[in-house]
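Participant: Each protein sequence line maps, in turn, to chains A and B.
Counting from 55, one number per residue, gives the positions in the first sequence under the working numbering.
Counting from 2, one number per residue, gives the positions in the second sequence under the working numbering.
We put the CB at the ideal spot given by N, CA and C, even for glycine.
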Amino acid sequence: MNRMSAIIEREMRKFFRSPTLMIMSLMMPLLQLVIMGNAFGGKIVGARVAVIDYDHGPEAVRLRESFDAVAANIKTFKTIEYKDEFQAREDVRTGRIDAAVVIPAQYSRRVYSQDKPQLGLVVDNSDQFMSGSLEAEMQALVTALTTPVIQPRLANSIALEIVELYPYVNYMKFLLPLTVSLAMYISVMIGGGMLYIDDKARGVHEGYLVTPITKFELVFGMNIAGSIKAMLAGISITVIGSLMAGLGVIFHPQALAELLCLIVAASIAFNGMMFLLMVRVDDPLVPRAMFGVLNTLLLYPSGGMYPIAAFPRWLQAISVVDPFTYCVHGFKAVLLKDGGFVAIQYDLLFLFAFGIGTLLIATPLFKRTL
Amino acid sequence: MSTASANSLSAERPQAITVEHAVKRYGSFEAVKDVSFSVAEGEIFGLLGPNGAGKSTLIRMMTTLIPLTGGRAIVAGHDVAKDPDAVRRVIGVIPQALTSDPDLTVEENLSIYAKLYSVPRVERAKNIAAVLEAVDLTQWRGAQTKTLSGGMRRRLEIARGLVHNPKIFFLDEPTTGLDPVSRIAVWEMLDNLRRTRNLTMLLTTHYMEEADKLCDRIAIVDHGTLVALGSPIELKHSVPGANVVEVHFDRESEEWQKRLEGLEGVTSVQAESAGFYRVLTSSGSKTTMQLVEMAASLGETLTSLSVQNTSLDDVFVHYTGRQLRDEQVKPPAFTLPPRPGARP
Chain A
55 MNRMSAIIER EMRKFFRSPT LMIMSLMMPL LQLVIMGNAF GGKIVGARVA
105 VIDYDHGPEA VRLRESFDAV AANIKTFKTI EYKDEFQARE DVRTGRIDAA
155 VVIPAQYSRR VYSQDKPQLG LVVDNSDQFM SGSLEAEMQA LVTALTTPVI
205 QPRLANSIAL EIVELYPYVN YMKFLLPLTV SLAMYISVMI GGGMLYIDDK
255 ARGVHEGYLV TPITKFELVF GMNIAGSIKA MLAGISITVI GSLMAGLGVI
305 FHPQALAELL CLIVAASIAF NGMMFLLMVR VDDPLVPRAM FGVLNTLLLY
355 PSGGMYPIAA FPRWLQAISV VDPFTYCVHG FKAVLLKDGG FVAIQYDLLF
405 LFAFGIGTLL IATPLFKRTL
Chain B
2 MSTASANSLS AERPQAITVE HAVKRYGSFE AVKDVSFSVA EGEIFGLLGP
52 NGAGKSTLIR MMTTLIPLTG GRAIVAGHDV AKDPDAVRRV IGVIPQALTS
102 DPDLTVEENL SIYAKLYSVP RVERAKNIAA VLEAVDLTQW RGAQTKTLSG
152 GMRRRLEIAR GLVHNPKIFF LDEPTTGLDP VSRIAVWEML DNLRRTRNLT
202 MLLTTHYMEE ADKLCDRIAI VDHGTLVALG SPIELKHSVP GANVVEVHFD
252 RESEEWQKRL EGLEGVTSVQ AESAGFYRVL TSSGSKTTMQ LVEMAASLGE
302 TLTSLSVQNT SLDDVFVHYT GRQLRDEQVK PPAFTLPPRP GARP
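1. If distances are taken between C-alpha atoms only, which option among D213(B), K168(B), E235(B), G263(B) comes closest to H79(B)?
2. Does the beta carbon of I113(B) come closer than 8 Å to any beta carbon on chain A?
3. Indicate whether at least one CB of chain A lies closer than 8 Å to the CB of V308(B).
4. Starting from the beta carbon of A279(A), find every residue of chain B whose beta carbon is closer than 9 Å, and list them in chain order.
5. Given this structure, state the Cα-to-Cα distance separating S239(B) from G71(B), to the nearest angstrom.
6. Taking the CB atoms as reference points, tell me whether N128(B) and V164(B) lie closer together than 8 Å.
7. According to DSSP, which residues form a beta bridge with D305(B)?
8. Since R218(B) sits in a beta bridge, which residues does DSSP pair it with?
9. Please confirm whether M2(B) has its beta-carbon closer than 8 Å to some beta-carbon of chain A.
10. So Q190(B) is in the alpha helix (DSSP H); what residue range does that whole segment cover?
11. Please classify D337(A) as buried or exposed, where buried requires at least 16 neighbouring CB atoms within 10 angstroms.
12. Is K34(B) close to chain A, meaning its C-beta is less than 8 Å from at least one C-beta of that chain?
13. Which whole-angstrom value describes the C-beta separation of R142(B) and L149(B), a residue pair presumed to lie in contact below a C-beta threshold of 8 Å?
14. Here's a check: name, in chain order, each residue in its chain whose Cβ is nearer than 8 Å to the Cβ of T289(B), leaving out the five neighbours to either side.
15. If you draw a straight line from the alpha carbon of Q145(B) to that of D173(B), how long is it in whole angstroms?
16. Counting Cβ pairs closer than 8 Å, one from the stretch 34 to 42 of chain B and one from the stretch 180 to 197 of chain B, do we hit at least three?
17. According to the neighbour-count rule (16 or more other Cβ atoms, all chains shown, within 10 Å of its Cβ), is N110(B) buried or exposed?
18. Which residue comes first and which comes last in the beta strand (DSSP E) that contains T321(B)?
19. Relative to the alpha-carbon of P356(B), which residue among I221(B), L204(B), Y320(B) has its alpha-carbon at the smallest distance?
20. With a cut-off of 8 Å, do at least 3 Cβ pairs link the stretch 105 to 114 of chain A to the stretch 158 to 170 of chain A?
21. Given a cut-off of 8 Å, decide if G358(A) and S321(A) are closer than it, judged by their beta-carbon atoms.
22. So, for M90(A): in the same chain, excluding its five sequence neighbours on each side, which residues have a beta-carbon less than 7 Å away from its beta-carbon?
23. So with CB distances below 8 Å, who are the chain D contacts of T423(A)?
24. Can you check the stretch 61 to 110 of chain A for any alpha helix (DSSP H) of at least 4 residues that lies completely inside it and give the ranges in chain order?
25. Use the C-beta contact count for D122(A): other C-beta atoms within 10 angstroms, 16 or more gives buried, fewer gives exposed.
26. Taking the alpha carbon of A77(B) as the point to measure from, which residue in G43(B), G50(B), D104(B), P103(B) has its own alpha carbon closest?
27. Using only the alpha-carbon positions, how far apart do N56(A) and S57(B) sit?
28. For the putative contact between Y114(B) and R161(B), defined by C-beta atoms under 8 Å, what is the C-beta separation to the nearest angstrom?
29. Which same chain residues, not among the five before or five after V105(A), have their C-beta less than 8 Å away from its C-beta?
30. Taking three-plus beta-carbon pairs below 8 Å as touching, is the stretch 285 to 301 of chain B in contact with the stretch 18 to 31 of chain B?
31. DSSP beta-bridge partners for T19(B)?
32. Compute the minimum distance between the beta carbon of F121(A) and the heavy atoms of the ligand GTP, and state whether it is under 7 Å.
33. Have a look at R279(B), C216(B), E255(B) and flag the residue whose alpha-carbon is nearest the alpha-carbon of H249(B).
34. When you compare the CB of P83(A) with every CB in chain B, is at least one pair closer than 8 Å?
35. Looking at the secondary structure, which residues open and close the beta strand (DSSP E) in which M202(B) lies?
36. Looking at the structure shown, is A82(B) part of a helix, part of a strand, or coil, going by DSSP?
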């Protein structure tokens, strides 16, 4: 045990003396949280929509007044007067404007005579997010215009009452579970991957191998140290990220205990995985080259950015064995849903089993000689 | 060959290291070929040879870092293959690479290794202070290792290898990369350590001077084979010719080699470069006089002429057929092709 603690002591002293690892493992996830959290999930503001009015009747005026109301209030779009429908379509194609609304001749008459009144909306569907937002906004306007001023006393349509279990979750909050997982992964990638191979290449391990330390002490010493580093990164990002995203859950003792369990389990899982991948590697370039590949392979199928249900089968299969999936699910359950231990028990079970399993495979592969 | 007498000298004392028919193969390549030798307690034993000769492989087999393919090695009475942990407890090893952590202080590095060797807490501080004193790094105990000079880092490595009071000390090229002043300081330190701690040392080197000054006995290793073994004096005496005459003729001629070989007492002549020859002779003074007379009678000018005693370099040439420094500074493999149209 004394020899194992010597390995841990050396790793931790090195970790605190050289803050690069700590800074780098915190910097990238935090930047991602700030930039992606603010860039995604926001509402469209100030889109340019052309209006081509061939009708000029009272209903067309009513429609254009509702456009002006949107431009003045929620500011989703502002309208630009166009005379030529073909020019408007061309400008949507070239990106000078974002959409065009065509009010056809006889529109007002058709509205009054209830003779299938129609409006045209030209959108650039190469940008799904923009076109989807404008379509939804226009649909809401049209629905509002067709709703009778005097509502029937007895409703004859089916109403869907939506009950939201949790307060509004903005994208920054939604991204936080992935950010915490990413911080631990980067810490393990640098501390357990790159530095481990660098030490090997520099001959530090040769120094260990000539001492009476056993294979078990050496493997577990290095892995415990790697897990502690990942835990420190996880705790730091959980606290900083929660404060940035405005989540007060970290002030609840039970939630804090759940988070701590998840951080410990995820650190062991990530570290075990990295040790298994690196146990027979000698070339310092390998972990650097693997960084991007692993990042893409593990991060995106985790469901941290997009729902797993929307993935094709093969991608869903990756997410089943991906420790990121359980890590992200667990953190979501605690940070966003206050789900308690019941909500994270399977995540904890998988992460602990994954970590111990990978270590058990890696230990016999570790060579006690050069 | 003086192997027998050298071995009888070492046989008087108990053996610290015994290597019997050691073989190391990597696939079809044989890095160490049937090497046998023994090292007596308290002896400084050198493995001398060029890079790639198999010295480091030998030392790594003895220190349990790589397994032997054949033969056996006994270190401090323990078989390295059967009881590697017992071997590790009694040896100190300084590998070629600097293994101390540059981010840790001198004292922290020593403390970590003392713990790795399970040195009891009460002895740890005492041992660290003693080894720091021995390698003259006491005043640097709190300095981060990365701030130390190359010589100081090498001294720290030596201290690191001694922190658990080993019986046998293995050093793989301990002075490689050091400037001459630091190198001499390390030699003095190692000699002092041997005397004060009664250490058995086995070191590898490709520096003739280091082997000559430091080692009680030397084994010359070439292409994985032990080609000669003995004390530096014995090895020098084993080479025919007591002196080396180095002569540089002003003009290069194919006749020089033949004429030099014909001089009285000359045992071998080696052409070094254009007009420059190393002549092994039983009498340096006689050969020098004959050389001067020969040059005067032929109307030739001698650019330089020197007489030296036989060195380990000559021993190496004698046993391997080439110079050690030839191996260290290899000529570039690539030569420019002739210009098109240029005359040969």
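Facilitator: In terms of the structure at hand:
1. K168(B)
2. yes
3. no
4. Under the 9 Å cutoff, chain B gives no residues; its nearest Cβ is about 12 Å from A279(A).
5. 30 Å
6. yes
7. In the sequence under discussion, the amino acid at residue 305(B) is Ser, which differs from the Asp named in the question. Note: S305(B) sits in a beta bridge opposite H249(B).
8. F46(B)
9. Caution is warranted here: a pLDDT of 35 is assigned to M2(B), below 50, making its placement in the model unreliable, and no coordinate value can be reported.
10. Here residue 190(B) turns out to be Met, not Gln, going by the sequence shown. Taken as a continuous stretch (DSSP letters only), the alpha helix (DSSP H) holding M190(B) covers 181 to 198.
11. exposed
12. no
13. About 11 Å separates the two Cβ atoms, so there is no contact after all.
14. V246, L306, V308
15. 24 Å
16. no
17. buried
18. Unbroken run through T321(B) is the alpha helix (DSSP H), 313 to 321; no beta strand (DSSP E).
19. Absent from the structure is residue 356(B), since the part of chain B shown begins at 2 and ends at 345.
20. yes
21. no
22. L229
23. Absence of chain D from the displayed structure is noted, the protein chains being A and B.
24. 74 to 93
25. exposed
26. G43(B)
27. 30 Å
28. 5 Å
29. R118, F121, T133, I134, E135, Y136, A154, V155, I157
30. no
31. S39(B), I75(B)
32. The ligand GTP is absent from the structure shown, which contains no ligand whatsoever.
33. R279(B)
34. no
35. 201 to 206
36. coil
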